[in-house]
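Enquirer: Residues 179 to 518 (the numbering used here) are what the sequence shown spells out, left to right. Note that CB positions come from ideal geometry on N, CA and C, so glycine has one too.
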Amino acid sequence: MAVALATFTGNDNCIRKCGNMSVPFPFGLKARCAWKSNLVVSCNHTTGNLFLGKNIPLYDISLENGTMTTGMYRALDCYYSSGARRNGSKPYPWTQLEKGRHYTFSDTLNKLTVLGCDTVARISDANGSIGSGCFSYCRDDNIDFTTERACSGLGCCQTSIPKSLRSLNISMSSTTNYTSVYFTYCGSAFVVEEASFNVSDYKLPKPGDIGRVVFSRVVLDWVIERGLTCEEAKSNGTSFACDANSFCSDFKNGDGYRCLCKAGYTGNPYGSLVPPGCQDIDECKDPQQYPCHGKCKNTAGNYTCKCPFGMTGDGKVDCQISRLTIISVGNSYFPCDDRS
Numbered sequence: 179m180a181v182a183l184a185t186f187t188g189n190d191n192c193i194r195k196c197g198n199m200s201v202p203f204p205f206g207l208k209a210r211c212a213w214k215s216n217l218v219v220s221c222n223h224t225t226g227n228l229f230l231g232k233n234i235p236l237y238d239i240s241l242e243n244g245t246m247t248t249g250m251y252r253a254l255d256c257y258y259s260s261g262a263r264r265n266g267s268k269p270y271p272w273t274q275l276e277k278g279r280h281y282t283f284s285d286t287l288n289k290l291t292v293l294g295c296d297t298v299a300r301i302s303d304a305n306g307s308i309g310s311g312c313f314s315y316c317r318d319d320n321i322d323f324t325t326e327r328a329c330s331g332l333g334c335c336q337t338s339i340p341k342s343l344r345s346l347n348i349s350m351s352s353t354t355n356y357t358s359v360y361f362t363y364c365g366s367a368f369v370v371e372e373a374s375f376n377v378s379d380y381k382l383p384k385p386g387d388i389g390r391v392v393f394s395r396v397v398l399d400w401v402i403e404r405g406l407t408c409e410e411a412k413s414n415g416t417s418f419a420c421d422a423n424s425f426c427s428d429f430k431n432g433d434g435y436r437c438l439c440k441a442g443y444t445g446n447p448y449g450s451l452v453p454p455g456c457q458d459i460d461e462c463k464d465p466q467q468y469p470c471h472g473k474c475k476n477t478a479g480n481y482t483c484k485c486p487f488g489m490t491g492d493g494k495v496d497c498q499i500s501r502l503t504i505i506s507v508g509n510s511y512f513p514c515d516d517r518s
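And the structure:
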């Protein structure tokens, strides 16, 4: 199926792996293999590393969640005991998700995180608007993250990032340039995937960290099409991307829409363009996930489970022995299954 709005040819004779990572449609390593050129990712075939754009490491692409996990720099801000800022302090590089691309920093899966004992960090977008920020401080040098999992506010703070963020910069400062702190002189700030963050894996930053390039895991939301709602996309049948067994979902972290397989189906919800799409799950083959205490029968998008003869109840939950009533007719006896 040719799509006039893109260079995508409808032919999926495409490489779908980069090292050990899958590159599922609607993404592609070349424009002809992606739904839109803005969904092209790049692969270093020598190292097997995948990148968003030229230099943003890409660790995972999820069709089911409409997310991708990337790596982004941490900022470092260090001082001398005199209060002068150290040369080599690494400010946060301005991160701009390319204009027209389909990505947004996830406001639900990421947190702005600050490590330090006198460090203020703020997020701003391309317009210079400050979306959020937090202040990390310490009362003394008795800071030990090894037994903690989440930030307590002492030596570490976290806060949410704003919605619809396609570019970000983290500015850092210190209320006293660390002149009131005698045991550490550095602060660090970064956006990080909340689920992968465990503060016990971290230590307070130090001047020896200057020059080190350290990435944190960051989640991006992505959409198949920006600037269109589901209703608007459906009205243009030639460019609507959702498979027959998927449903359309309006994006909540910006504009656009995405496709998701219907309940009882699994696979690629964009399969109307590159088959196969969402395929029926045979629940009867996976009793751990889809229990059945009787006779299982797969149906389109679902399954039925009938209790064995002589038992009653919901076969997906539990079957109970039914009460039997004996009816005598002459010398014959007929057990009746009383399921009332």
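Give me, in chain order, the residues of the same chain whose beta-carbon lies closer than 7 angstroms to that of residue 468; leave out the 5 immediate sequence neighbours on both sides.
Expert: If you number the sequence shown from 1, residue 468 lands on position 290. Closer than 7 angstroms at the Cβ level, and outside the excluded window around residue 468, lie 461 and 481.
Enquirer: Does the segment 315-329 touch the segment 405-419, meaning 3 or more C-beta pairs lie closer than 8 angstroms?
Expert: no
Enquirer: Assuming residue 214 is part of the alpha helix (DSSP H), what are its boundary residues?
Expert: Looking up residue 214 in the sequence shown gives position 36. No alpha helix (DSSP H) contains residue 214, which DSSP labels as neither H nor E.
Enquirer: Counting contacts by CB-CB distance shorter than 7 angstroms, is residue 255 in contact with chain C?
Expert: This model lacks chain C altogether, as it is built from one protein chain only.
Enquirer: With 16 other CB atoms within 10 Å as the buried threshold, where does residue 422 fall?
Expert: As a position in the sequence shown, residue 422 is number 244, starting the count at 1. Looking at its Cβ environment, which holds fewer than 16 other Cβ atoms inside 10 Å, residue 422 is exposed.
Enquirer: Using three-state DSSP, classify residue 518 as helix, strand or coil.
Expert: For the purposes of this step, residue 518 is taken as residue 340 along the sequence shown, with counting starting at 1. Low local confidence applies: a pLDDT of 42 at residue 518 is under 50, so the model's placement there is unreliable, with the coordinate-based value given in what follows. Three-state result, residue 518: coil.
Enquirer: Among 450, 432 and 263, whose alpha-carbon lies nearest the alpha-carbon of residue 425?
Expert: As a first step, residue 425 must be located in the sequence shown, where it is residue number 247. With distances taken between Cα atoms, residue 425 lies closest to 450.
Enquirer: Since residue 299 is in the beta strand (DSSP E), which residue starts that stretch and which ends it?
Expert: Against the sequence shown, residue 299 aligns to sequence position 121. Looking at the DSSP string, the run of the beta strand (DSSP E) that includes residue 299 is 296-302.
Enquirer: Between the alpha carbons of residue 317 and residue 216, how many angstroms are there, rounded?
Expert: On the sequence shown, residue 317 is found 139 positions in, with the first residue counted as 1. On the sequence shown, residue 216 is found 38 positions in, with the first residue counted as 1. One C-alpha to the other measures close to 48 angstroms.
Enquirer: My understanding is that residue 334 touches residue 369, with C-beta atoms under 8 angstroms, so please give their C-beta distance in whole angstroms.
Expert: Here residue 334 corresponds to residue number 156 of the sequence shown, with the count starting at 1. Here residue 369 corresponds to residue number 191 of the sequence shown, with the count starting at 1. About 14 angstroms; that fails the 8 angstroms criterion.
Enquirer: When the Cα of residue 295 is compared with those of 357, 494, 486 and 224, which residue comes out closest?
Expert: By 1-based counting over the sequence shown, the position of residue 295 is 117. Answer by Cα proximity: 357.
Enquirer: Report the residue from 196, 194, 191 and 202 whose alpha carbon sits nearest the alpha carbon of residue 445.
Expert: Position 267 of the sequence shown holds residue 445. That would be 202, whose Cα lies nearest to the Cα of residue 445.
Enquirer: Taking 7 angstroms as the threshold (C-beta atoms), are residue 344 and residue 282 in contact?
Expert: Working through the sequence shown from its first residue, we reach residue 282 at position 104. Working through the sequence shown from its first residue, we reach residue 344 at position 166. Contact flag set, yes.
Enquirer: Given a threshold of 16 other Cβ atoms within 10 Å of its Cβ, counted over all protein chains shown, does residue 233 qualify as buried or as exposed?
Expert: Here residue 233 refers to the residue found at position 55 when the sequence shown is read from its first residue. Result: exposed.
Enquirer: Determine the burial state of residue 501: buried for a count of at least 16 other Cβ atoms within 10 Å of its Cβ, exposed for fewer.
Expert: The residue given as residue 501 occupies position 323 in the sequence shown. Exposed: under 16 other Cβ atoms inside 10 Å.
Enquirer: Output the boundary residues of the beta strand (DSSP E) element that contains residue 520.
Expert: No answer is possible for residue 520: it lies beyond the span of the chain, which begins at 179 and ends at 518.
Enquirer: Is it right to say residue 375 is buried, meaning 16 or more other beta carbons lie within 10 angstroms of its own, or is it exposed?
Expert: The count along the sequence shown starts at 1 and reaches residue 375 at position 197. Burial call: buried.
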